[in-house]
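Per this note's numbering, the very first residue in the sequence shown carries number 930; after that it's consecutive. Have a look at the structure below before the remarks.
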Amino acid sequence: MRLAKCCDPGAPRVYKIELDTGTVGILGLDLIMAEVSLMEPLSEEEAKKELLQRAAANNYIPGSAREKYAEALYREYVKQIE
């Protein structure tokens, strides 16, 4: 994902997702979802791994919350592909 200046209309957007502990922002979620959807068919575990890996590339994800993020990202992914 290319990072750009904050005012660049082509800059990745921040999207909010719900964890069981609250709401967090994920930079470039739309791009992450598009990339992973091109990899189909993936098992649930493979999709979670890819989503988390791609999200962690440009977002801080605490080690203790990785599973929660993976679950939340997967929920958003399923909503998008249905």
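Each residue gets a CB set at the ideal place from its N, CA and C atoms; glycine is no exception.
Quiz prompt | LYS945 vs GLY954 beta-carbon contact at 7 Å | solution = Position 16 of the sequence shown, counting from 1, holds the residue named residue 945. Position 25 of the sequence shown, counting from 1, holds the residue named residue 954. It is a contact, given that the beta carbons lie within the stated cut-off.
Exercise. Taking 7 Å as the cut-off, decide whether the C-beta atoms of ARG995 and ILE961 are in contact.
Key: Position 66 of the sequence shown, counted from the first residue, corresponds to residue 995. Position 32 of the sequence shown, counted from the first residue, corresponds to residue 961. It is not a contact, given that the beta carbons lie outside the stated cut-off.
Quiz item: Among LYS978, PRO991 and TYR998, which one has its Cα closest to the Cα of GLU964?
Solution: Translated into positions along the sequence shown, residue 964 becomes position 35. Nearest of LYS978, PRO991 and TYR998 to GLU964, Cα basis: LYS978.
Self-check item: Bridge partner(s) assigned by DSSP for LYS945
Solution: As a working mapping, residue 945 is identified with position 16 in the sequence shown. BP columns for LYS945 point to GLY954.
Self-check item: Expected contact under 8 Å - CB spacing of GLY981 and LEU1002 to nearest Å
Solution: The residue you call residue 981 lines up with position 52 of the sequence shown. The residue you call residue 1002 lines up with position 73 of the sequence shown. With the sequence shown as reference, residue 981 is identified as Leu, and Gly is not the correct amino acid for it. Indeed they touch by this definition, with Cβ atoms about 6 Å apart.
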